[in-house]
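Chains as they are written, first to last, in this note's numbering: chain A, 27 to 219; chain B, 12 to 194.
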């Protein structure tokens with residue numbers, strides 16, 4: 027039953043996410059694309075794009091959109107997709123919410139605890155690997171085009187990737203602007219060819 | 012004192028108008044909760060911020076939970092979280108339904124073809140920008156490298172990696188402490 031699986035999967039994603047929005051994108055990608063195969067890498071990439079352009083925490087946005095897509099892709103009515111969207115975002119916050127109520131007080135008192143510090147400092151560098159793996163897993167022919175079948179798309183994708191990557195390293199440029207510009211380039215080039 | 016609806020409304024405004032994810036909400040939260048409403052001192056705000064960052068989950072939601080709880084208990088926490096995520100959920104849901112209808116449209120597909128490599132780059136870049144403040148050194152950089160390789164090449168679950176890394180950090184810290192104590 028997909029709703030039970032959605033609940034379980036997104037509970038797991040919520041409680042194991044240490045390291046912000048991009049780490050959560052990595053966890054969601056691994057569960058919904060690689061493990062459960064609820065959607066393709068391409069669909070997931072589109073979800074991330076839309077989630078970055080709308081207000082709110084990226085983790086909530088991606089969870090909501092992915093919950094909807096998973097249910098509708100499984101062949102259910104779009105209204106059940108809406109239920110899936112609410113369920114996914116509810117599940118992703120449920121366990122951290124409970125944990126926060128139970129432990130916030132304790133953590134505030136023991137924030138200099140050595141064991142906790144050691145655990146968190148290891149997790150902070152480990153999530154870098156998680157995010158890198160997500161980017162690698164999303165760099166597929168479906169997202170970039172293939173050299174043999176669609177060379178134009180392949181080379182243009184590489185160019186867009188390289189430019190956006192370098193501009194993002196300098197930080198100041200808004201991701202929304204970069205997505206809009208890339209979309210405009212795609213619309214013009216692929217629309218005309 | 013903060014009323015339930017006031018809490019909801021403050022977080023509703025913060026959630027509805029921040030683009031760019033949870034961390035972009037920090038200055039808005041500070042302005043609304045510390046400066047305008049004066050519900051929290053700057054010090055309390057920073058304390059709750061550091062706890063929210065350390066806890067698992069969605070950072071902005073953790074902030075709403077801890078602040079709402081501090082001000083009005085469990086119900087305050089629920090109202091703050093609802094306020095924070097209501098508008099984002101409705102917006103993304105509306106777009107999800109809308110985009111699905113136009114998925115086969117040639118123009119929409121052309122636009123997304125341009126956007127996809129951009130999104131992959133946007134996910135790849137934080138690996139390097141976050142590395143600066145993560146405490147990454149030449150001695151420990153094998154950890155993220157091995158983690159990435161295990162997930163990418165062998166299909167190991169990131170959740171398992173997180174569990175092992177957390178346990179590893181704990182044990183390594185204990186061993187280091189013991190060595191320092193005996194030295």
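The C-beta atom is built at its ideal place from N, Cα and C for all residues, glycine as well.
In this text, all values refer to a predicted model and were calculated from it rather than measured experimentally.
Spatial neighbours of residue i within its chain, please: C-beta separation below 6 Å, excluding the five flanking residues on both sides.
{"i": "residue 199 (chain A)", "result": "193"}
{"i": "residue 158 (chain B)", "result": "172"}
{"i": "residue 162 (chain B)", "result": "169"}
{"i": "residue 47 (chain A)", "result": "84, 85"}
{"i": "residue 159 (chain A)", "result": "none"}
Can you tell me where the alpha helix (DSSP H) with residue i in it begins and where it stops?
{"i": "residue 146 (chain A)", "result": "140-164"}
{"i": "residue 73 (chain B)", "result": "70-112"}
{"i": "residue 188 (chain B)", "result": "169-193"}
{"i": "residue 135 (chain A)", "result": "104-135"}
{"i": "residue 58 (chain B)", "result": "53-65"}
{"i": "residue 121 (chain B)", "result": "117-142"}
{"i": "residue 165 (chain B)", "result": "153-165"}
{"i": "residue 18 (chain B)", "result": "15-28"}
{"i": "residue 36 (chain B)", "result": "36-40"}
Would residue i be called buried (16 or more neighbouring beta carbons within 10 Å of its own) or exposed?
{"i": "residue 218 (chain B)", "result": "For residue 218 (chain B) there is no data in the structure shown, the boundaries of chain B being 12 and 194."}
{"i": "residue 124 (chain B)", "result": "buried"}
{"i": "residue 80 (chain A)", "result": "buried"}
{"i": "residue 73 (chain B)", "result": "buried"}
{"i": "residue 59 (chain B)", "result": "buried"}
{"i": "residue 21 (chain B)", "result": "buried"}
{"i": "residue 171 (chain B)", "result": "exposed"}
{"i": "residue 191 (chain B)", "result": "exposed"}
{"i": "residue 161 (chain A)", "result": "buried"}
{"i": "residue 117 (chain B)", "result": "exposed"}
{"i": "residue 71 (chain A)", "result": "buried"}
{"i": "residue 112 (chain B)", "result": "exposed"}
{"i": "residue 121 (chain B)", "result": "buried"}
{"i": "residue 188 (chain A)", "result": "exposed"}
{"i": "residue 105 (chain B)", "result": "exposed"}
{"i": "residue 148 (chain B)", "result": "exposed"}
{"i": "residue 132 (chain A)", "result": "exposed"}
{"i": "residue 144 (chain A)", "result": "buried"}
{"i": "residue 114 (chain B)", "result": "exposed"}
{"i": "residue 153 (chain B)", "result": "exposed"}
{"i": "residue 64 (chain A)", "result": "buried"}
{"i": "residue 95 (chain B)", "result": "buried"}
{"i": "residue 177 (chain A)", "result": "exposed"}
{"i": "residue 87 (chain A)", "result": "buried"}
{"i": "residue 69 (chain A)", "result": "buried"}
{"i": "residue 129 (chain B)", "result": "buried"}
{"i": "residue 27 (chain A)", "result": "exposed"}
{"i": "residue 91 (chain A)", "result": "buried"}
{"i": "residue 128 (chain A)", "result": "exposed"}
{"i": "residue 63 (chain B)", "result": "buried"}
{"i": "residue 49 (chain B)", "result": "exposed"}
{"i": "residue 218 (chain A)", "result": "exposed"}
{"i": "residue 286 (chain A)", "result": "There is simply no residue 286 (chain A) to check, as chain A begins at 27 and stops at 219 in what is shown."}
Leaving out five residues on either side along the sequence, give the residues of the same chain with a beta carbon under 8 Å from the beta carbon of residue i.
{"i": "residue 184 (chain A)", "result": "170"}
{"i": "residue 146 (chain A)", "result": "44"}
{"i": "residue 37 (chain A)", "result": "117, 118, 120, 121"}
{"i": "residue 149 (chain A)", "result": "44, 45"}
{"i": "residue 163 (chain A)", "result": "55, 56, 59, 60, 67"}
{"i": "residue 52 (chain B)", "result": "45"}
{"i": "residue 125 (chain A)", "result": "41"}
{"i": "residue 110 (chain A)", "result": "28, 29, 32, 93, 94, 96, 97, 98, 102"}
Just to confirm my understanding: we take residue i, look at its own chain, exclude 5 residues before and 5 after, and list those with CB closer than 7 Å. What are they?
{"i": "residue 180 (chain A)", "result": "170, 171, 172, 173"}
{"i": "residue 107 (chain A)", "result": "94, 97, 98"}
{"i": "residue 140 (chain A)", "result": "none"}
{"i": "residue 83 (chain B)", "result": "13, 15, 18"}
{"i": "residue 90 (chain B)", "result": "15, 18, 19, 79"}
{"i": "residue 41 (chain A)", "result": "121, 122"}
{"i": "residue 86 (chain B)", "result": "15"}
{"i": "residue 182 (chain A)", "result": "215"}
{"i": "residue 25 (chain B)", "result": "36, 39, 40, 43, 95"}
Let me see if you follow: with CB-CB separation under 8 Å, is residue i close to chain D or not?
{"i": "residue 40 (chain B)", "result": "Judged by its chain identifiers, the structure shown contains no chain D, and its protein chains are A and B."}
Could you tell me whether any non-hydrogen atom of the ligand FAD is closer than 7 Å to the CB of residue i?
{"i": "residue 127 (chain A)", "result": "Because no ligand of any kind appears in the structure shown, any question about the ligand FAD cannot be addressed here."}
Would you mind listing the alpha helix (DSSP H) stretches within the segment 38-89 of chain A that are 4+ residues and don't spill past its ends, in chain order?
-> Complete alpha helix (DSSP H) runs here, min 4: 46-55, 67-79.
Note down, one range per segment and in chain order, each beta strand (DSSP E) of at least 3 residues found wholly within the segment 156-218 of chain A.
-> Not a single unbroken stretch of the beta strand (DSSP E) spanning 3 or more residues falls wholly within the segment 156-218 of chain A.
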